[in-house]
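The structure under discussion appears below in the form of structure tokens.
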Amino acid sequence: MGISQRFPQFITFFALSVLIFQNQPSNAFYFHCNPHLPVLGRPIHPTDIDLLQFALNLEYLETEWFLNGALGYGLDNIAPRLAAGGPAPLGAKTAKLDNLTKEIIAEFGYQEVGHLRAIKSTVGGFPRPLIDLRARNFAKIMDNAFGYKLDPPFNPYLNTINYLLASYIIPYVGLVGYVGASPNINGYVSKGLLTGLLAVESGQDAVIRTLLYQKAEEIVPPYKNLTVADFTAHISRLRDRLGACGDKDEGLIVSRNSGAERRTSSNILSADSNSLAYRRTPAEILRIVYGTGDESHPGGFLPRGGGGKLATEMLRFRLSDHLN
């Protein structure tokens, strides 16, 4: 059949295609903007729920830290239903931030509200646990990091650099927790939630580390001879010590042998020898957040312990030991 003979058939096919397209609903070509759902597997596997709910402990902490630091108020003012009746955080207050940092931290706080909503709407959750954001709690953490009492006691709310150093403590713990959870997440909806959370948590940590790196060699007043880089190195070593599972944390400046491809001493993004993110288990996370090095011994940022099945089960182990 020649071209002239096939041409009428082509015209007919083209015309029919146009008619079909014009009469389709607006979402007929939905797949062009959204991936197909997996053919096999569950949206949310039962084993995903506990891991994703566990993350709420860090998300609650970050929400209250960022919102209060930038705005002077927290979840109870922005989205009280998400707090679900949990107690108000202890000692949260406005930090004395420069305008740029205040804008960044406020955005982080609003992002954390979204994270809480996303997790709870997907896998459910629990009320906000008691969170300790008092200055003296941060002072204790810094004293533990350096191995002696700083004089005067460290105050995270005093100025921008102190607040950023205090912020260095928190988001990184959440992101390595998400990396650690990822191999054990099985549902495709659950995976989508986790990767979305991880991406933003990683971004927040990167911004904080970058802001600090710009001042890495500056002295942190009034602590003579202690630079911003010194603070980050000591905080990272403290987290490794509390986590008790090897070296998974690094400050802003490292030896050249520990830098990316052993070619740099800058360490704006903390990563392993292949520049992959470190991972931590829920037990490691609690050891660090509690500040006790023991996932069954609450303290630190969560003085009454974390919420959710995983955290409460670890607490029960300690209670059962006392009973026995």
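As numbered in mature numbering (1 follows the signal peptide of the UniProt record, and there is no 0), residues -28 to -1, 1 to 296 make up the sequence shown, in order. Beta carbons: idealized from backbone N, C-alpha and C, even for Gly.
Item checked: Nearest-angstrom beta carbon gap, Leu88 and Glu31 [assumed within contact, 8 Å] -> For a cut-off of 8 Å, the C-beta gap from Glu31 to Leu88 is around 5 Å, short enough to register as a contact.
Note to self: Beta-carbon within less than 6 Å of Gly146's beta-carbon, same chain only, minus the 5 sequence neighbours each way: which residues are those?
What the structure shows: Shown here for Gly146: same chain residues with a beta carbon closer than 6 Å to its own, the five before and five after excluded, namely Leu30 and Glu173 in chain order.
Check: Any heavy atom of the ligand SAM closer than 8 Å to the CB of Gly159?
Finding: Only the bare structure without any ligand can be found here, which leaves the ligand SAM out of the picture.
Next item on the list: Take His17 and list the residues in its own chain whose beta-carbon comes closer than 6 Å to its own, dropping the five residues that flank it on each side.
Entry: Asn158 and Gly159
Check: Can you tell me the Cα-Cα spacing of Ser208 and Phe110, whole angstroms?
Finding: 15 Å
Notebook entry, point to check: Just the Cα atoms here: how many angstroms apart are Leu287 and Thr236?
Noted result: 42 Å
Item checked: Rounded separation between Arg228 and Glu222 - CA only -> 13 Å
Notebook entry, point to check: Unbroken alpha helix (DSSP H) runs of length 4 or more, entirely within the region 4 to 31: which are they?
Noted result: Scanning the region 4 to 31 for uninterrupted alpha helix (DSSP H) segments of 4 residues or longer gives 18 to 26, listed from N- to C-terminal end.
Note to self: Less than 9 Å between the C-beta atoms of Gln25 and Gln83, yes or no?
What the structure shows: no
Next item on the list: Could you please give the first and the last residue of the uninterrupted alpha helix (DSSP H) stretch that includes Gly215?
Entry: Val200 to Gly215
Notebook entry, point to check: In terms of residue numbering, what span does the alpha helix (DSSP H) encompassing Leu170 cover?
Noted result: Tyr160 to Tyr185
Next item on the list: Report the rounded CA-to-CA distance for Gly164 versus Arg211, giving the unit in angstroms.
Entry: 28 Å
Next item on the list: Select from Lys65, Ala55 and Ala56 the residue whose C-alpha is nearest the C-alpha of Leu43.
Entry: Lys65
Note to self: Here's the rule: buried if 16 or more other CB atoms are within 10 angstroms of the residue's CB, otherwise exposed. What is Gln(-5)?
What the structure shows: At Gln(-5) the pLDDT is 46, less than 50, meaning the model places this residue with poor confidence; the figure from the coordinates comes in the next sentence. Flag for Gln(-5) reads exposed.
Notebook entry, point to check: For Gly58, which of Thr73, Glu79 and Glu36 has the nearest alpha-carbon?
Noted result: Glu36
Margin query: Using only the alpha-carbon positions, how far apart do Ser(-3) and Leu9 sit?
Written below: Legend: pLDDT at Ser(-3) = 46, less than 50; position of this residue unreliable, value from coordinates given subsequently. Their Cα atoms are separated by approximately 19 Å.
Next item on the list: Look at Leu214 and Thr264 and say whether their C-beta atoms are less than 9 Å apart.
Entry: For Leu214 and Thr264, yes; Cβs fall inside 9 Å.
Notebook entry, point to check: Per DSSP, what kind of secondary structure is Leu39 in: helix, strand or coil?
Noted result: helix
Checklist line | Nearest-angstrom Cβ-Cβ length linking Leu241 and Ala178, presumed shorter than 8 Å | finding: 6 Å
Check: Do the CB positions of Phe130 and Ala201 come within less than 9 Å of each other?
Finding: In the sequence as presented, Phe is not what sits at residue 130; that position holds Leu. Contact flag unset, no.
Notebook entry, point to check: Does DSSP put Ile157 in a helix, in a strand, or in coil?
Noted result: coil
Next item on the list: Going by CA-CA distance only, name the one from Thr204, Leu23, Leu122 and Ile260 that's closest to Val95.
Entry: Leu23
Notebook entry, point to check: From what residue to what residue does the alpha helix (DSSP H) around Glu267 run?
Noted result: Per DSSP, Glu267 belongs to no alpha helix (DSSP H) and is neither H nor E.
Notebook entry, point to check: Are there 16 or more other CB atoms within 10 angstroms of the CB of Asn71, so buried, or fewer, so exposed?
Noted result: Result: exposed.
Next item on the list: Give the straight-line distance between the Cα atoms of Ser162 and Val261, rounded to the nearest whole angstrom.
Entry: 24 Å
Checklist line | Cβ separation of Pro143 and Ile103, assumed to be a contact under 8 Å, to the nearest whole Å | finding: The pair is not a contact, with the Cβ atoms about 15 Å apart (cut-off 8 Å).
Check: Secondary structure at Leu224, three-state DSSP: helix, strand or coil?
Finding: coil
Margin query: For the alpha helix (DSSP H) containing Tyr140, name the first residue and the last one.
Written below: Thr132 to Ile141
Check: Alpha carbon to alpha carbon, what distance is there between Glu75 and Leu39?
Finding: Rounded to whole angstroms, Leu39 to Glu75 spans 11 Å at the Cα level.
Note to self: Closest to Gly280 by C-alpha separation, out of Tyr45, Arg100, Asn49 and Arg234, would be which residue?
What the structure shows: If we check each option's Cα against that of Gly280, Arg100 comes out closest.
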